[in-house]
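Have a look at the structure below, then the notes.
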Amino acid sequence: MAVLTGFTLTGCTAAADDAKDQIVVAIVSNPQMQDAMKMQDDFTRAHPDVDVKFVSLPENEARAKITASVATGGGEFDVVMISNYETPIWAENGWIEDLQPYIERTDGYDDQDFIGSIRASLSKDGDMYSVPFYGESSFLVYNKELFEKAGVRMPEHPTWPQVAEMAEKLDDPDHGVSGICLRGLAGWGEVMAPLSTVMNTYGGGWFDGRWNPTLTAPETRAAVTEYVDLVRDHGQPGAATSGYGDCITRYSQGNSAMWYDATAMVSAIEDPASSPVAGKSGYAPAPVMNTDAAGWLYSWSLAIPTTSEHKDAAWDFVSWMTDKEYIRNVGERFGWERVPPGSRYSTYQIPEYRRISKAYAQPTLHAMDGASQKTSMTHPVPYEGLQFVSIPEFQDLGTRVGQQVSSAIAGTKSVDEALEQSQDYAQQVARTYQREGQ
Numbered sequence: 554m555a556v557l558t559g560f561t562l563t564g565c566t567a568a569a570d571d572a573k574d575q576i577v578v579a580i581v582s583n584p585q586m587q588d589a590m591k592m593q594d595d596f597t598r599a600h601p602d603v604d605v606k607f608v609s610l611p612e613n614e615a616r617a618k619i620t621a622s623v624a625t626g627g628g629e630f631d632v633v634m635i636s637n638y639e640t641p642i643w644a645e646n647g648w649i650e651d652l653q654p655y656i657e658r659t660d661g662y663d664d665q666d667f668i669g670s671i672r673a674s675l676s677k678d679g680d681m682y683s684v685p686f687y688g689e690s691s692f693l694v695y696n697k698e699l700f701e702k703a704g705v706r707m708p709e710h711p712t713w714p715q716v717a718e719m720a721e722k723l724d725d726p727d728h729g730v731s732g733i734c735l736r737g738l739a740g741w742g743e744v745m746a747p748l749s750t751v752m753n754t755y756g757g758g759w760f761d762g763r764w765n766p767t768l769t770a771p772e773t774r775a776a777v778t779e780y781v782d783l784v785r786d787h788g789q790p791g792a793a794t795s796g797y798g799d800c801i802t803r804y805s806q807g808n809s810a811m812w813y814d815a816t817a818m819v820s821a822i823e824d825p826a827s828s829p830v831a832g833k834s835g836y837a838p839a840p841v842m843n844t845d846a847a848g849w850l851y852s853w854s855l856a857i858p859t860t861s862e863h864k865d866a867a868w869d870f871v872s873w874m875t876d877k878e879y880i881r882n883v884g885e886r887f888g889w890e891r892v893p894p895g896s897r898y899s900t901y902q903i904p905e906y907r908r909i910s911k912a913y914a915q916p917t918l919h920a921m922d923g924a925s926q927k928t929s930m931t932h933p934v935p936y937e938g939l940q941f942v943s944i945p946e947f948q949d950l951g952t953r954v955g956q957q958v959s960s961a962i963a964g965t966k967s968v969d970e971a972l973e974q975s976q977d978y979a980q981q982v983a984r985t986y987q988r989e990g991q
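For what it's worth, my numbering labels the leading residue of the sequence shown as 554, then goes sequentially.
And the structure:
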C-alpha cells in the first residue's frame, strides 16, 4: 500500500496552499528515505512556496509503479527515485530531464564531489540525468562477538566455500541465530542483486559475449546451487520471502552471524539507537570464487520526469536532498551513523563521520572503486551492469528469474528446474539482441 504523506505549513489558508508549487516525490521506503521525510521541515523553511507530497513504497512496488508512470508519460510524479540501471536507458528514451543545466546554475552544488564511478553511471554524454542520494557496492558484514564465541576467524579475502564453512559453524537455530542472512525475496533488485554477483565470480552470468543466455551453464548452476543451499541450510527462517529490509532487521538484532549485501547497510546496522550490534561488526570484501572482486555498483538517485509541470520546484527539492549540507544536517540531527553513504567524497572527510565510520568507510570506498566488470567477471559481456543487465527488458526478465530462484529457495522446485525455466525466459529476450548483432 502506498503511503501518501503531505507536508504543508501549519496555519496556511487554502488559498495560500493553492498558490504553492505542489510536487509529488516517489521514493523507496527504507531507513535513509524515512529520514528524508522527517527532514522535510528544513526544506519547507528554505522553500515555503513548495508543497511536497511523498509516495513511499517497498522496493519492488516502487520500481513497478515509477517505471509504469514514467514510461507511459503518466505525469503523477515530479521527482522519482531510480537507479543507475534506469538512468541511462530513460535518458536515451527522453523520459527524464538532463540535470546538468540545473547543476551548473546551482551555487555550491559541486557535482564533481560525487564518487566518480557513481557519477559516470548516472550520466549520458557527460551530463547527469539523475543525482545520487546514496551509492553502494557490496561487502560481507559479520558479528565479531559471535565469531569470537564460535572460534571462527574471517579470512581477509573470503571465498564462497569458506563462507559456507563459517555459516555452518556459526549456525545456532536453538538460540535464534542463523549462520548467514541472504536475500531470497523474488525480484531483480532483491534476490537477483546479490546472486548475480555470485554468478559473475563463479564464471557464469546472464549472457555471453554474443548474447547467448548462460543461465544453465555449469558455472551459473554451481553459483546458484551454492547460494540456494547456503541460505536453505544455514540462512534465516523464511528466506524465500526475505529482502533487504528483513536482513537489516535480523542482522542488526543479532539474529544472523553474517550478511552479504549492500554497503549502504551501515546506516542502519551501525545506528546505536536501533541496532544492538552497532560497533560490533567487521567488514570483509564481497566473497569471490574465480575473480579478484565480486561487488556490485548501485545508486539510489533522484530524477525529474520530462512530464513534470514543476521542474524548477522539483530541482529545488532534488538539490536539497543530494547536497553536502543535507548530509551534515542528517548527521547532526539523527547521528552520523545515519548519513547517506557512498555518494560524495566529502562525506568521508567530515571529522565526525570519519570517527564513527572507521570500521567501514575504507571498505565501502574500496568496494565502490573496485566494482567493475574487469575485476568481477571472468569474460566480457555485451552490456553494462554487475548485478543487472542494462537493457529495458531486464526488469521483467530479472523479476521472472528471481521468482524461479525464490521458488528453489522455498523448496517448491529444484535449482535445475528453476534455471531451465530461466534460460527459456532469457532466450526470448536474447533473440532481439542476437538479430541486432548480425
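Note that CB positions come from ideal geometry on N, CA and C, so glycine has one too.
Owing to the predicted nature of the structure, the values given are computational and were not obtained by experimental measurement.
Quick check on DSSP: helix, strand or coil for A831? coil
What separation, rounded to the nearest whole angstrom, lies between the Cα atoms of W741 and R881? 33 Å
Rounded straight-line distance, which links the Cα of H919 to that of D814: 15 Å
Relative to the alpha-carbon of A589, which residue among V883, V954, Q789 has its alpha-carbon at the smallest distance? V883
State yes or no: is the C-beta of T931 within less than 9 Å of the C-beta of E772? yes
Taking DSSP as the reference, what is the three-state secondary structure of A579? strand
Beta-carbon within less than 6 Å of Y913's beta-carbon, same chain only, minus the 5 sequence neighbours each way: which residues are those? V819, Y836
Of all the alpha helix (DSSP H) runs that stay within the bounds of the segment 590-623, which reach a length of 4 or more residues? 593-599
For the segment 843-858 against the segment 939-953, do three or more pairs of beta-carbon atoms, one drawn from each stretch, fall closer than 8 Å, so that the two count as touching? yes
Pop quiz: V632 and I909 are said to be a contact at Cβ under 8 Å. What is the actual Cβ separation, rounded to whole angstroms? Incorrect: roughly 30 Å between the Cβ atoms, too far for contact.
Return helix, strand or coil for G688, following the three-state DSSP convention. strand
Cβ neighbour criterion (16 or more within 10 Å) applied to R763: exposed
Taking the CB atoms as reference points, tell me whether A839 and L693 lie closer together than 9 Å. yes
Comparing C-alpha positions only, which one of T620, E629, G626, A579 sits nearest to Y638? T620
Determine, using beta-carbon pairs with one atom in the segment 882-902 and one in the segment 799-808, whether at least three such pairs fall under 8 Å. no
Would the beta-carbon of T860 be found less than 8 Å away from any heavy atom of the ligand SAM? This structure lacks the ligand SAM; in fact it carries no ligand of any kind.
Could you tell me whether the Cβ atoms of T750 and S795 are closer together than 9 Å? no
Compute the distance between the beta-carbons of M582 and L738, then report whether it is under 9 Å. The displayed chain sequence assigns Ser, not Met, to residue 582. Against a cut-off of 9 Å, the Cβ pair of L738 and S582 comes out as no contact.
Of all the options P708, Q957, G688, P726, which has the alpha carbon lying nearest to the alpha carbon of Q697? Sequence inspection shows Lys at residue 697; the Gln mentioned does not correspond to that position. Among P708, Q957, G688, P726, the Cα nearest to that of K697 is on P708.
Secondary structure at W741, three-state DSSP: helix, strand or coil? coil
For the segment 886-898 against the segment 805-812, do three or more pairs of beta-carbon atoms, one drawn from each stretch, fall closer than 8 Å, so that the two count as touching? no
In three-state terms, what does DSSP make of G559? Its pLDDT being 37, under 50, G559 is placed unreliably in this model, and the coordinates cannot settle the point.
Compare the Cα-Cα distances from G758 to each of A826, S929, E878 and report the closest residue. S929
From V532 to E743, what does the alpha carbon distance come to, in whole angstroms? Here the chain has residues from 554 to 991 only, and residue 532 is not among them.
CA-CA distance, L783 and A961? 12 Å
Flag this pair as yes or no: are the beta carbons of M719 and W853 separated by less than 9 Å? no
Indicate whether the contact test is met: 3 or more Cβ pairs, each with one atom in the segment 774-783 and one in the segment 857-873, closer than 8 Å. no
C-alpha gap between D785 and Y986, whole angstroms: First, the residue type needs correcting, since residue 785 is Arg and not Asp in the sequence shown. For R785 and Y986, the distance between alpha carbons rounds to 36 Å.
Should A567 be labelled buried (16 or more other beta-carbon atoms within 10 Å of its own) or exposed? Model confidence at A567 stands at a pLDDT of 43, short of 50, so the residue's coordinates are unreliable; what they give is reported in the following sentence. A567 is exposed by the Cβ-count criterion.
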